[in-house]
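Colleague:
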Amino acid sequence: MRKTSGCLWIVCSFILGIMVSNNLVNARGGDQVQKGYIFEHESDLARSEPAPHKGPGRSTAYGYFEKAAGFKYVFRKRVLHPGAAIGYHPQNEDEVYYIASGTGIMQMNGEEFPVKAGDAILTRPGSSHGLKQTGNSDLAIIICYEKK
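Read in this note's numbering, the sequence shown has 160 at position 132, and its numbers run on one by one without any break.
#1: Quick check on the burial criterion: 16 or more other C-beta atoms within 10 angstroms. Buried or exposed for S165?
#2: I need the boundaries of the beta strand (DSSP E) containing S155, first residue and last residue.
#3: With distance defined between alpha-carbon atoms, name the residue in G64, F67 and P80 nearest to I171.
#4: Check whether the region 117-131 touches the region 144-155, counting contact only when three or more Cβ pairs, one atom from each stretch, lie closer than 8 angstroms.
#5: Taking 8 angstroms as the cut-off, decide whether the C-beta atoms of Y90 and E121 are in contact.
#6: Take E139 as the anchor and find which of S156, I127 and Y126 has the nearest alpha-carbon.
#7: Buried or exposed, going by whether 16 or more other CB atoms sit within 10 Å of the CB of Y125?
#8: Looking only at its own chain, which residues have a Cβ that is under 6 angstroms from the Cβ of S105, when we skip the five neighbours before and after it?
#9: Which residues bound the beta strand (DSSP E) around L167?
#10: Could you compute how far the alpha carbon of Y65 sits from the alpha carbon of V102?
#11: For L150, does the count of other Cβ atoms within 10 angstroms reach 16, so buried, or fall short, so exposed?
#12: Return the chain-ordered list of same chain residues with a C-beta closer than 6 angstroms to the C-beta of D59, the five sequence neighbours on each side being excluded.
#13: At what residues does the beta strand (DSSP E) containing F141 begin and finish?
#14: Have a look at the DSSP bridge pairing and note the partners of I133.
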């Protein structure tokens with residue numbers, strides 16, 4: 029199995045609401061502790077940050093499962109607010125961008141193309157990319173890659 033297929037599986041599983049990870053435990057509020065999964069809601073994770081990779085503007089990051097022992101992926105929602113962009117940067121590992129809502133311009137290896145909700149982009153090692161929010165509404169993306 030290629031590294032990318034594991035990352036894509038994570039993205040699809042989360043979107044479908046069936047994130048499962050063995051031997052992990054978490055409680056939500058006063059709920060009974062359930063073995064075998066972690067449940068997190070974005071309202072508990074939101075943090076306002078400058079746009080990543082020296083891009084302009086502000087963003088909101090939601091770092092899912094950052095404290096999950098043994099979880100080998102970065103799985104993050106990032107919202108680029110109007111005028112914000114992820115700065116153009118080199119890529120060192122497979123990384124998936126899934127456009128959840130909004131519109132933007134993706135720059136890959138010096139070329140630009142529009143992106144919208146429902147688009148998925150796989151950036152490969154050795155490539156370079158950036159992403160700019162366009163339009164009047166936020167650009168929400170899901171990002172997934174394997175931790176080093």
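We put the beta carbon where it would ideally sit given N, CA and C, even for glycine.
Modeller: The structure says:
#1: Taking the first residue of the sequence shown as 1, we reach residue 165 at position 137. Result: exposed.
#2: Reading the sequence shown from its first residue, position 127 is the one you call residue 155. From DSSP, S155 is part of no beta strand (DSSP E); its letter is neither H nor E.
#3: Within the sequence shown, residue 171 is the residue found at index 143, counting from 1. If we check each option's Cα against that of I171, P80 comes out closest.
#4: They touch, by the three-pair rule.
#5: As a position in the sequence shown, residue 90 is number 62, starting the count at 1. As a position in the sequence shown, residue 121 is number 93, starting the count at 1. Contact flag unset, no.
#6: Numbered from 1 along the sequence shown, position 111 holds the residue referred to as residue 139. It is S156.
#7: Looking up residue 125 in the sequence shown gives position 97. Looking at its Cβ environment, which holds 16 or more other Cβ atoms inside 10 Å, Y125 is buried.
#8: Locating residue 105 in the sequence shown gives position 77, counting from the first residue. Strictly speaking, residue 105 in this sequence is Lys, with Ser absent from that position. Setting aside the 5 residues that flank it on each side, K105 is surrounded in the same chain by Y90 and I170, each with a C-beta closer than 6 angstroms to its C-beta; the list follows chain order.
#9: Stepping through the sequence shown from its first residue, residue 167 is reached at position 139. Per DSSP, L167 belongs to the beta strand (DSSP E) from L167 to E174.
#10: Position 37 of the sequence shown holds residue 65. Position 74 of the sequence shown holds residue 102. Each residue's alpha carbon lies about 16 angstroms from the other.
#11: Position 122 of the sequence shown, counted from the start, is the residue given in the question as residue 150. Classification of L150: exposed, given that the 10 Å Cβ count is below 16.
#12: Residue numbering aside, residue 59 sits at position 31 when the sequence shown is read from its first letter. Per-residue confidence for D59 stands at a pLDDT of 36, beneath the threshold of 50, marking its modelled position as unreliable; no derived number is given.
#13: Counting from one through the sequence shown, the residue named residue 141 turns up at place 113. Note, F141: beta strand (DSSP E), E139 to K144.
#14: Here residue 133 is taken as the residue at index 105 of the sequence shown, counted from 1. Bridge partners of I133: P142 and K160.
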